[in-house]
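The UniProt record's numbering numbers the first residue of the sequence shown as 1 and each following residue consecutively. Comments concern the structure below.
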Amino acid sequence: MKLVFLSFGALASAASLATTTRYYDGQEGACGCGTSSGADAWQLGISDNVYTAAGSQALFDTSGSSWCGAGCGTCYNLTSTGSSACDGCGTGGVAGDSIIVMVTNLCPYNGNQQWCPQPGSTNEYGYGYHFDINAESEVFGDNVVVQFEQVTCPGQATTDWETCLCYDQTSTDTTSASLASATSASPQGESESSTTSTEPTVTAPNSAAETTVVVTSATPTSTPSSCTGDATPSDTSASTGSTQTLYGQCGGANWTGATACESGSTCKVQNPYYSQCVSSSD
């Protein structure tokens with residue numbers, strides 16, 4: 001299947017692999033969809049089998065932008081491999097099932113190292129890309145690894161994207177990492193598998209509302225980390241005795257990092273596999 005080339009750099013013609021997780025925080029997101037009061041209703045599901053997601057940094061903006069990234073409003077077709085990224089990372093899903101997601105948020109590396117890698121690197125499971133799907137309940141398996149390809153956004157998704165603050169104001173990203181080269185190698189010689197991740201909320205510059213990102217951003221319903229991204233980090237989180245920053249992961253099954261949140265925030269359980277530091281005023 002030949003990829004449709006959009007403004008966010010040239011992508012490989014063959015599908016690439018990525019991990020996935022699920023999150024929901026009800027916040028605006030790093031692409032400015034919604035208001036300071038919260039996310040727009042369509043962000044929980046644009047239409048049948050069309051959703052929004054927080055993308056790891058390489059999908060959001062390879063130049064490092066955390067607001068109005070070049071990848072905002074870009075759509076991808078995700079096809080399930082049927083497997084999760086590791087034992088204990090989720091139950092996977094039905095191989096061959098597909099959905100479309102539109103990137104409306106960032107899953108930053110900081111606080112989400114387990115799932116959301118830096119551009120050109122991989123997460124703890126050996127994958128260079130991560131999608132943190134915005135949903136209150138399971139819609140596409142449990143932290144399933146997927147093949148993904150950039151596609152033209154369906155009509156309703158395009159219409160919804162035009163209501164976002166970042167529409168027509170996204171960063172110009174001319175250094176997009178090649179999806180083919182970044183995802184060709186499978187972790188430890190095995191086929192890449194998916195895992196859940198959460199997008200940390202990102203605060204928009206000069207008044208933009210906090211945006212959530214995968215792992216983060218909020219973490220997926222099952223695997224403990226949210227979008228973390230970057231080359232497999234030797235240490236994906238702070239030590240247990242340290243304090244986690246706002247929107248960072250602070251608990252969940254198999255979590256070994258910080259469980260205490262910085263002043264002004266509290267650790268909130270998102271699902272059995274992921275807890276996140278959120279503002280105490282929320």
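A virtual CB, placed ideally from N, CA and C, is assigned to each residue, including glycine.
Asked: Close-in-space but distant-in-sequence residues of the same chain around F140 (CB under 6 Å, 5 per side omitted); Found: I99
Asked: Cβ contact check for the stretch 153 to 164 and the stretch 99 to 111: 3 or more pairs under 8 Å; Found: yes
Asked: Distance CB(Y76)-CB(E149) smaller than 8 Å; Found: yes
Asked: Alpha-carbon spacing of E28 relative to T170, whole angstroms; Found: 16 Å
Asked: Within 8 Å, strictly: CB atoms of Y274 and G257; Found: no
Asked: Selected residue, minimal CA-CA separation from A18, among S121, G155, G88, V278; Found: S121
Asked: Residue interval of the alpha helix (DSSP H) (run including Q156); Found: 155 to 161
Asked: Per-residue DSSP class, three states only, for F60; Found: helix
Asked: Alpha helix (DSSP H) runs wholly inside the stretch 50 to 113, at least 4 long, in chain order; Found: 57 to 60
Asked: Rounded separation between A53 and S63 - CA only; Found: 19 Å
Asked: Helix, strand or coil at A41 according to DSSP, with G and I counted as helix; Found: helix
Asked: Status (buried if at least 16 other CB within 10 Å, exposed otherwise) for Q113; Found: buried
Asked: Rounded separation between E152 and A260 - CA only; Found: It should be noted that the sequence gives Thr, not Glu, for residue 152. The straight-line gap from Cα to Cα measures roughly 42 Å.
Asked: Under 8 Å between C-beta atoms of T20 and I133; Found: yes
Asked: First through last residue of the beta strand (DSSP E) which encompasses F131; Found: 130 to 134
Asked: Chain-order list of residues whose beta-carbon lies under 7 Å from that of D61 (same chain, five-residue window excluded); Found: G69, A70, G71, S171, D173
Asked: Pick from C250, N143, W255 that is closest to C267, judged by C-alpha positions; Found: C250
Asked: Within 8 Å, strictly: CB atoms of S80 and D97; Found: yes
Asked: DSSP-derived helix/strand/coil call for G141; Found: coil
Asked: Continuous beta strand (DSSP E) stretch holding C166: start and end; Found: No beta strand (DSSP E) contains C166, which DSSP labels as neither H nor E.
Asked: Local Cβ density within 10 Å of E136, reported as buried at 16 or more and exposed below that; Found: exposed
Asked: Y129 versus L59: straight-line alpha-carbon distance, rounded; Found: 7 Å
Asked: T74 classed as buried or exposed, judged by whether at least 16 other C-beta atoms fall within 10 angstroms; Found: buried
Asked: Contact belief for Y109 with Q57 at Cβ below 8 Å, rounded distance in angstroms; Found: 6 Å
Asked: Under the three-state DSSP convention, the category A253 falls into; Found: coil
Asked: Closest residue to Q147 among L165, G111, Y23, G82 (Cα-Cα distance); Found: G82
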